[in-house]
Each structure stands twice: as structure tokens, then as C-alpha cells.
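J.:
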Amino acid sequence: MQTADKIERLPISEQGEPGRARRLVRFVWQSWKLNLAGAMEFRLSFSLSVGTMMINNIVWIVFWGMYFQRFPVLNGWELRDVAMLWAVAAGGFGLMLSLFGNATRLANLIATGQLDVYLAQPKPVLLHVLISRMSVSAIGDFLFALLVFAAFGDLSILGIVKFALSLVLSTLIFIFFSVISGSLAFWIGNSEGLNIQLINALLTFATYPTGIFRGFGKIVLFTVIPAGFISFMPIGLLKETDWTFLAGAAGMAALLCIAGISVFHLGLRRYTSGNRIGLRS
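If you read the sequence shown in the working numbering, its first letter stands for residue 2, the second for the next number, and so on.
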């Protein structure tokens, strides 16, 4: 806690809750800038990683294009819908790993005692952990999403706003689902393999049209593995706004956010220091 003398030496704009929030925003922004600067230190490697990921995603769009040449409609889904599905899923996943790159590594950090360095610093632990790393290839996912939107999306102001909203919801679902699955390591030890499988399941099912699933499978995709709230975005938000679906997607994102933060901090009480001496990686 700051003493009264220290608080007095701060500018008025930096005192109290507004000042604390401003410093936290500045900290997050500076962390992102440093992550990007570090990633771009080796320009060729950066370009290859980003370009390879974009090509990998484009191959899937080409594959779906070939499919829809033979079958123009798949349970009400057209090529444009599937393309936007990939834009929303890849864009959300890319934003998560670009801005909150440690979300998928949380289980490993917990199991190996690497949270010590974050606990010793006066910043929100979960936020600090998440923003401390950037995945370079994930930038390719986000750029791919923008490219697909430019080619298949609604470029009106309303269309851009709806696409931005879909990316925000998709990113939040990916982040906090990953936080919850990663936090299982507080209770079951080294759960890195399980964590990766759960995240891959969410990502995989989020890239397939929900129209191909029926019955129990569809229920799972809107509850246990909430991929349905991502994969239905092109139909339920971008093509024609379904307010019931939008409320459900926003509710799921909020629920995962609250649950993720709560589960992490509950598990943090069980955390045992790794007694490691080293720098943050």
C-alpha cells in the first residue's frame, strides 16, 4: 500500500481509483508494445511465422470453396457463412494469443511453479500472467480474419461494428475457457496435456458449422465446450441479428469471465512456490 507521503507526491490525476486504472491501462499497453517489439526483432522469422499461419488458414477456405462448388448449401450454410465462421474463430483465437499469449500456457506455469515472479509484483496476477507473452503466428490468424472479412463480409459501418463485436465475444470465450482449463492444474497437478486437449476441442468445434450437429452434441457445444457461441456468429449475428443468440453469447462470455477469474484466484490459494530463481520467459 502507498503511504500518505507517496500519494501526495503523485499528480492529482494519478491519485485514487481513476489514477490506478490509468496506470493499469498504461502497463498493459506498454507490455503489448514490448511483446511486439521483441517479436519483430527478427523480421524474417516474424514474417515467415505470420505468413505461414495465414496460408494455413487460407487452405481451409479453399477446401470449403471446393466443397461448396459441389454442394452450394449445407444445412442452410453457404460459403460466405463458413468463411465468416473462420474469420470469427481464427480472429478471436489470434487476438487471444497475440494479446494474452500465456492463456494456453497457464497449466504449465502453475505446475512448474513459474507464477512466483508474478506474485512478487504489484500488478493483478492473472492479467500480468496473460499479457506477458505474445504468439507471433497468432498475428497471422488475426490478419487472416481481416482479409476474409474484406473479401466476404459486410463492409458497411453496421457490418464492421457487428464483426468487431463478434471478435470481442469470440476472444473472451477463448481466453476465459483457457483460463478455467489451465487453472485445473492447481488441483490436479500437471494438467498441461488435458489443457491443450480442451483448448483444441474448443478451437476445432468452433470452426465447423453448428448446422451439422444434432441432439446431445449440439447441447455440449453450447454448454460444456461453448464452441457453438463462436461458430454460430455468422448466422446469429453477422447475417441477421438474432437477439436471443446475442444475449446468450454475451451471457456465456460474461459467465466464463467471472468463472475464470474466480477459479484462478481460488486455485491461487493452493499454489506452492517453485522456489525458482530466474527471469520471466
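Yeah, the Cβ is synthetic: ideal placement off N, Cα and C, and Gly gets one too.
Over the uninterrupted alpha helix (DSSP H) stretch that includes K163, give me the two end residues.
T.: Residues I158 to S184.
J.: Bridge partners of L75, per DSSP?
T.: Note: L75 sits in a beta bridge opposite W78.
J.: Please confirm whether S157 has its beta-carbon closer than 9 Å to some beta-carbon of chain B.
T.: The chain labelled as chain B is not found in the depicted structure, where only one protein chain is given.
J.: Grab the span of the alpha helix (DSSP H) containing Y119 for me, first residue to last.
T.: Looking at the DSSP string, the run of the alpha helix (DSSP H) that includes Y119 is D117 to L120.
J.: Pick helix, strand or coil for E241, following the three-state DSSP scheme.
T.: Residue state, collapsed to three classes: coil.
J.: On a Cα-Cα basis, can you pick out the residue from L100, F47, Y272 and Q115 that is closest to R134?
T.: For the residues L100, F47, Y272 and Q115, the minimum Cα distance to R134 belongs to L100.
J.: Using CA atoms only, rank isn't needed, just tell me which of S232, S171 and N191 is closest to Y354.
T.: The first residue shown for the chain is 2 and the last is 282, placing residue 354 beyond what the model contains.
J.: So, with DSSP's three-state summary, where would you put G1?
T.: Nothing in the structure corresponds to residue 1, since the chain is present only between 2 and 282.
J.: Can you give me the Cβ contacts of I213 inside the same chain, cut-off strictly under 8 Å, excluding the 5 residues immediately before and after it?
T.: Contacts found: L75 and N76.
J.: Can you tell which of Y209, V149 and V89 has the C-alpha that lies nearest to the C-alpha of I59?
T.: For the residues Y209, V149 and V89, the minimum Cα distance to I59 belongs to V149.
J.: Could you say which of G141, W30, D82 and F64 lies nearest to S232 if we only look at CA atoms?
T.: With distances taken between Cα atoms, S232 lies closest to D82.
J.: Apart from the five residues on each side of it in sequence, which residues of its chain come closer than 6 Å, Cβ to Cβ, to S179?
T.: Here the set comprises A104, T105 and I200.
J.: CB F69 to CB L86, shorter than 9 Å?
T.: Going by C-beta atoms, F69 is not nearer than 9 Å to L86.
J.: Please state whether the Cβ-Cβ distance between A228 and A202 is less than 9 Å.
T.: In contact: A228 and A202 (Cβ atoms closer than 9 Å).
J.: Can you round the beta-carbon distance between V137 and S50 to whole angstroms, since I take them to be within the 8 Å contact cut?
T.: Sure, about 4 Å apart at Cβ, within 8 Å.
J.: Would you say the stretch 233-248 touches the stretch 156-169, given that touching needs at least three Cβ pairs under 8 Å?
T.: A contact exists between the stretch 233-248 and the stretch 156-169.
J.: In chain order, what residues of the same chain lie with their CB nearer than 6 Å to the CB of S182, ignoring the 5 residues before and after it?
T.: Around S182: N196 and L199.
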